[in-house]
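Contents: one structure, followed by commentary.
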């Protein structure tokens with residue numbers, strides 16, 4: 001008995017017509033949509049400040065207007081976390097839509113994640129719930145289930161638990177579904193999108209199809225996609241997504257802790273990758289709560305420095321701006337040397353000096369900054385100009401993790417007929433600790449090397465977890481893994497990525513995946529919404545690492 005679960009959204013703003021594509025492209029039992037991220041919760045929180053009836057992903061309703069009849073006709077259930085901060089409001093709007101379309105669709109929702117009243121000063125404080133509220137809704141016949149802040153993988157564990165009758169203590173089965181859910185959650189990243197080896201040109205990546213998982217009762221799964229859609233599914237694309245935004249070998253969630261160091265991936269035919277061997281453990285005794293609050297106001301201006309004396313020009317404008325910045329709480333300057341000597345175009349002869357200012361007082365980052373920058377137009381370095389004048393200053397957010405006991409959350413499934421079904425907290429839990437470090441393979445024998453980019457033999461994918469970033473690096477052959485496991489140490493990573501030198505970096509070894517996962521603590525400051533660095537979500541941190549040169553055995557090149 002196979003359960004086919006597809007995905008039609010990896011974030012709020014993903015491809016609008018993906019829902020129709022997934023419903024018409026092949027067989028499905030359940031279609032999921034992931035609309036939430038740390039930044040999205042902040043955006044929805046600001047929406048709710050303006051309109052208490054808002055706080056959900058409006059795109060989802062527009063997609064349903066086109067596709068709800070199609071899903072009903074084909075018997076496909078829809079499960080999405082598009083409810084955001086207001087799942088009950090979205091459920092009501094969905095019922096109104098179904099009635100207007102003349103469809104006998106049963107709509108349920110999950111609530112209990114909102115802990116904002118208990119966290120004064122937070123714009124939004126939401127616990128990450130598991131999948132058993134979703135399962136309760138589906139078991140009672142819901143056709144559409146909308147949730148607030150559940151874990152991304154819960155969109156898969158919930159339907160799987162309902163379909164196969166799993167209990168909360170079926171840890172291995174639940175862990176297998178968590179891994180499948182983690183692969184599906186970011187949509188086309190599992191089918192060749194954002195893939196390190198995209199330039200090999202073996203597949204059409206102009207419009208990758210969205211992924212689906214064929215789940216089995218024992219918790220194993222096959223990741224695939226609808227026939228004829230773009231992109232591809234192989235061990236590499238699944239490995240890349242499996243490493244995305246993870247931390248240690250223990251991948252903790254409210255339903256189960258999945259052991260990523262037990263995952264085995266095998267090619268099961270064209271565009272088919274089998275996931276097996278996943279071991280699960282009891283979940284930790286606490287639930288993660290994401291706190292979003294307004295941190296203040298932010299503004300930036302980028303000065304263009306062209307030609308000779310780049311360093312001296314940067315020093316001059318910094319000195320000229322310093323009086324206007326004296327009262328600002330946070331001032332960051334970053335000189336980006338995009339210039340080249342004897343350049344053939346003005347643009348390639350220019351460097352960029354980026355100034356970012358933050359403060360709780362909008363006046364300090366707004367009028368004071370813009371006035372000081374504009375007044376330098378005729379009074380600073382030769383060739384003075386900016387990419388755009390600074391504006392009034394915009395609010396920015398701060399993200400923080402806190403943890404509460406399972407029992408602190410009133411997890412409730414609200415059924416289509418209004419009945420409220422409490423979802424019991426996990427009864428069996430286990431405190432997280434670090435698993436034993438697995439043995440490394442034998443190193444490669446000594447031989448000739450060549451200076452070359454790491455990315456010639458290793459893939460990488462990186463992302464954000466609050467203020468931290470992860471960089472997952474994997475090898476595609478056993479020989480490359482033998483070299484990578486011994487070469488890419490924490491110290492070597494710090495050498496290759498100087499921004500990490502003063503930060504705590506933890507390496508996790510995943511031999512079954514021929515992969516290493518590095519967690520770089522604090523590199524993103526107070527999270528993506530704070531826009532702390534040039535790449536605030538660390539999306540390209542892995543690609544920077546792949547571009548760095550080191551001595552690689554010629555036998556691997």
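In the UniProt record's numbering, the protein residues as written are 1 to 557.
A virtual CB, placed ideally from N, CA and C, is assigned to each residue, including glycine.
Since the structure is predicted, the reported quantities are computational estimates derived from the model, not experimental observations.
Legend entry - Buried or exposed (CB count within 10 angstroms, at least 16 for buried), residue 189: buried
Legend entry - beta strand (DSSP E) segments (min. 3 residues) lying fully within the region 362-420: 394-405, 412-414
Inset, instruction - Taking 8 Å as the cut-off, decide whether the C-beta atoms of residue 554 and residue 450 are in contact. - result: yes
Inset, instruction - Return the chain-ordered list of same chain residues with a C-beta closer than 8 Å to the C-beta of residue 442, the five sequence neighbours on each side being excluded. - result: 482
Legend entry - Counted within 10 angstroms of its Cβ, other Cβ atoms place residue 504 as buried (16 or more) or exposed: exposed
Inset, instruction - Enumerate in chain order the residues of its own chain whose CB-to-CB distance from residue 163 is below 7 Å, with the five nearest sequence positions on each side excluded. - result: 3
Inset, instruction - Give the DSSP-derived three-state secondary structure of residue 200 in the structure shown. - result: helix
Legend entry - Among 95, 78, 111, the one whose alpha carbon lies nearest that of residue 422: 111
Legend entry - Span of the alpha helix (DSSP H), counted from its first residue to its last, around residue 27: Neither: residue 27 is in no alpha helix (DSSP H) and is coded neither H nor E.
Legend entry - Among 364, 209, 177, the one whose alpha carbon lies nearest that of residue 276: 177
Legend entry - Where the beta strand (DSSP E) containing residue 167 begins and where it ends: Neither: residue 167 is in no beta strand (DSSP E) and is coded neither H nor E.
Legend entry - Beta bridge counterpart(s) of residue 471 as assigned by DSSP: 462, 518
Inset, instruction - Out of 89, 9, 39, state which residue places its alpha-carbon closest to the alpha-carbon of residue 63. - result: 9
Inset, instruction - Determine the DSSP secondary structure at residue 288, reduced to helix, strand or coil. - result: strand
Legend entry - 6 Å CB neighbourhood of residue 158 in its chain, flanking five on each side removed: 131, 134, 135
Legend entry - Reference residue 419; option with closest CA among 398, 47, 108: 108
Inset, instruction - Measure the CB-CB distance between residue 280 and residue 175 and report whether it falls below 8 Å. - result: yes
Inset, instruction - Would you mind stating whether residue 39 and residue 374 have Cβ atoms separated by less than 8 Å? - result: no
Legend entry - Contact the region 240-250 vs the region 259-268: 3+ CB pairs below 8 Å: yes
Legend entry - C-beta contact flag for residue 470 and residue 185 at 8 Å: no
Legend entry - Nearest-angstrom Cα separation, counted from residue 230 out to residue 191: 8 Å
Legend entry - Cα-Cα separation, residue 318 to residue 539: 29 Å
Inset, instruction - Spatial neighbours of residue 575 within its chain, please: CB distance less than 7 Å, with the 5 preceding and 5 following residues excluded, ordered by chain position. - result: Missing from the structure shown is residue 575; the chain here goes from 1 to 557 and no further.
Legend entry - Three-state secondary structure assigned by DSSP to residue 478: helix
Legend entry - Any non-hydrogen atom of the ligand ADP within 7 Å of residue 74 CB: The model on display carries no ligand, and the ligand ADP is accordingly not part of it.
Legend entry - residue 207 versus residue 543: straight-line alpha-carbon distance, rounded: 21 Å
Inset, instruction - Return the chain-ordered list of same chain residues with a C-beta closer than 6 Å to the C-beta of residue 77, the five sequence neighbours on each side being excluded. - result: 30, 143
Inset, instruction - Would you check if the region 66-73 and the region 40-50 touch, i.e. whether three or more CB-CB distances between them fall below 8 Å? - result: no
Inset, instruction - Would you mind listing the alpha helix (DSSP H) stretches within the region 9-58 that are 4+ residues and don't spill past its ends, in chain order? - result: 18-24, 38-50
Inset, instruction - Just the C-alpha distance for residue 34 and residue 305, rounded to the nearest angstrom, thanks. - result: 42 Å
Legend entry - Pairwise C-alpha distance: residue 514 and residue 169: 30 Å
Inset, instruction - In the DSSP assignment, find the unbroken beta strand (DSSP E) run with residue 453 in it and report its ends. - result: 449-453
Legend entry - Segment contact flag, the region 49-60 with the region 374-384, C-beta cutoff 8 Å, min 3 pairs: no
Legend entry - Pick from 202, 458, 429, 145 that is closest to residue 480, judged by C-alpha positions: 458
Inset, instruction - Determine, using beta-carbon pairs with one atom in the region 266-276 and one in the region 215-225, whether at least three such pairs fall under 8 Å. - result: yes
Legend entry - Cβ-Cβ distance between residue 80 and residue 32 below 8 Å: yes
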